[in-house]
Amino acid sequence: MTFRNDRISVIAASAAFSAWCALLSYPMISESYALYATCQAIGLGLFIVTMTLAYSGRFAATAASMDHAQIITFLIIYLSLPLQLHDGELDILSGIFYTCLLPLMALTLSVLWTMQPADFERCMTVTSIVLCLFGISAIAVYGWPEGRTIGGLLHPNLYSAPLLAAFVFSQFRPGMVGIIVRILCFGMIALVSSRYALIGCVIALVLHEMTFDPLSPTKLAVPVIALAAGIVFWPQIAAIIALDDPDRGTSSGFTGRDDLWQLALDAITDSPFGVGFKRAIGNEGGHNGYLKLLVEFGVPGGAVLISLLAYSIVAACIVACSAAGKSRQQHRFDCARFGGMGALYFGAFFQPQVFSLGDAFAVSFMLLLFKPGLTSSQARDPIVAGGRTQLRQR
1 MTFRNDRISV IAASAAFSAW CALLSYPMIS ESYALYATCQ AIGLGLFIVT MTLAYSGRFA
61 ATAASMDHAQ IITFLIIYLS LPLQLHDGEL DILSGIFYTC LLPLMALTLS VLWTMQPADF
121 ERCMTVTSIV LCLFGISAIA VYGWPEGRTI GGLLHPNLYS APLLAAFVFS QFRPGMVGII
181 VRILCFGMIA LVSSRYALIG CVIALVLHEM TFDPLSPTKL AVPVIALAAG IVFWPQIAAI
241 IALDDPDRGT SSGFTGRDDL WQLALDAITD SPFGVGFKRA IGNEGGHNGY LKLLVEFGVP
301 GGAVLISLLA YSIVAACIVA CSAAGKSRQQ HRFDCARFGG MGALYFGAFF QPQVFSLGDA
361 FAVSFMLLLF KPGLTSSQAR DPIVAGGRTQ LRQR
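With full-length UniProt numbering, letter number 332 in the sequence shown gets 332, and the count goes up by one each step, no holes.
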């Protein structure tokens, strides 16, 4: 069974992605870890199955259009399979399963990029609204933040991750809808004073605006206005990011994680070639996405992966800085992707992982990272007509 109607395919794929992001965020409002884990599995399964039915003919072409950095990333993930051969049989089997599933999930996310630009823009917009409504729903259920937590349950950084993803996705669309989503997300992040997410939003916005029509008359005045506003409203800004809090000085985001990072360094020392994907126990990953790459894939594999991440954002910057030969919409996509990558690369210092099967931060990170070279105009599905295999433009 496959979806043969173009509009049905687009609607199904977009709905599946939005539903997956919802299932990765809304269950956090509940106190049940079992519910959250179940929703993770349901969301991932729903997304992969729906994308397979909707765009089965695009997977091979999408994989073939990957650049060298993306292909090497997949290769390193698969070459890490022998690292799973330790501890109990169940742990080994689950680790192998998750490792094999990770590239499939990344490839499925890549296929989203082959939708028509208007459809992809709509998908990102709807998903950003869904994730923004998560933040509103959490406040509606538990009330205004108590200190920095929502209802004494949701940690500010956990609460802010879907909102940062929503902010990033909203930049793929021009107009008031995107602006409203960004204002709401930034405001809710400020309520819980999540510094990494606040800075991430600023990075995403600045990089996008610097590469998309940077010399427009309106934008030339923005730095001056921003500087003046920063000076005038500095007391309020300092209060939001709690610079006057003795327990949260300017370096607290780093010094507060010293012990966790030391655990990761100890794990790297004990297993310099890695323990395998999804095999780090507890805080061995150091609550740092880059350290966790070194823990899971080893010093050689992790170092190569981090180098590939650096290459990818430089390549994204180069693409975003050039508007030649592109429509205004495609140029906006490239700028939004670059801005989002900058925000999420920064956030990865304070998030537990960059490669994951089940959190909104990692999903948005992987969506932006694994953009294929294939465009919607090049995506074709094989169909059979009159006894011959033909290619149909989707």
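Beta carbons: idealized from backbone N, C-alpha and C, even for Gly.
- If only uninterrupted alpha helix (DSSP H) runs of at least 4 residues are considered, those enclosed by the stretch 153-198 are 156-170, 176-191.
- Per DSSP, the continuous alpha helix (DSSP H) segment holding A336 begins and ends at 328-347.
- Sequence-distant partners of A204 (beyond 5 residues in either direction) whose C-beta falls short of 7 angstroms from its own C-beta, in its chain, are F167, V168, Q171, G339, G340, G342, A343.
- Scanning its chain for C-beta atoms nearer than 7 angstroms, with the 5 sequence neighbours on each side dropped, one finds no residue around A34.
- G282 has its alpha-carbon roughly 46 angstroms from the corresponding atom of K326.
- Under the DSSP assignment, K278 falls outside any alpha helix (DSSP H); it carries neither an H nor an E label.
- Closest by C-alpha distance to A336, out of A37, C201, A190, is C201.
- Under DSSP, the beta-bridge partners assigned to T149 are E146.
- Between the C-alpha atoms of A54 and A15 there is a straight-line separation of about 12 angstroms.
- Relative to the Cα of V111, the nearest Cα in the group A315, G151, A63 belongs to A63.
- Bounds of the alpha helix (DSSP H) holding K292 are 289-320.
- When secondary structure is reduced to three states using DSSP, L79 falls in the helix class.
- In the structure shown, W261 adopts helical secondary structure according to DSSP, grouped into three states.
- Below 8 angstroms, too few C-beta pairs join the stretch 266-285 and the stretch 34-51 to call them touching: fewer than three.
- In the three-state scheme derived from DSSP, where H, G and I count as helix and E and B as strand, E284 is classed as coil.
- The Cβ atoms of M188 and L163 lie closer than 9 angstroms to each other.
- The alpha-carbon separation between S18 and T127 amounts to approximately 5 angstroms.
- One alpha carbon belongs to L184, the other to A310, and they sit about 31 angstroms apart.
- Listed in chain order, the non-local C-beta contacts of G373 below 8 angstroms within the same chain comprise S65, M66, D67, local neighbours out to five positions each way being set aside.
- With 16 or more other Cβ atoms inside 10 Å of its own Cβ, W113 counts as buried.
- For I48, the enclosing alpha helix (DSSP H) begins and ends at 33-55.
- When the Cα atoms are used, L85 and I92 turn out to be separated by approximately 6 angstroms.
- For R58, no alpha helix (DSSP H) encloses it, and the DSSP letter there is neither H nor E.
- In the three-state DSSP reduction, L85 falls in the coil class, being neither helix nor strand.
- Take A12, set aside five residues on each side of it, and the residues of its chain with a beta-carbon closer than 8 angstroms to its own are F3, T50, L53, A54, in chain order.
- In this structure, S194 is the residue among V177, D334, S194, P103 with its C-alpha nearest to the C-alpha of T149.
- Per DSSP, S14 is one residue of the alpha helix (DSSP H) stretching across 6-23.
- Within 10 angstroms of the beta-carbon of R173 lie 16 or more other beta-carbons, which makes it buried.
- In this structure the stretch 349-361 does not lie against the stretch 175-184, because fewer than three pairs of beta carbons, one per stretch, are closer than 8 angstroms.
- Cβ contact annotation for L101 (same chain, cutoff 7 angstroms, sequence separation greater than five): L357, in chain order.
- If you draw a straight line from the Cα of A362 to the Cα of M105, it is about 11 angstroms long.
- Burial check for W144: the Cβ neighbour count within 10 Å stays below 16, so the residue is exposed.
- At a Cβ-Cβ threshold of 9 angstroms, V192 and P156 count as neighbours.
- In this structure, DSSP gives P272 a state outside helix and strand, which the three-state scheme calls coil.
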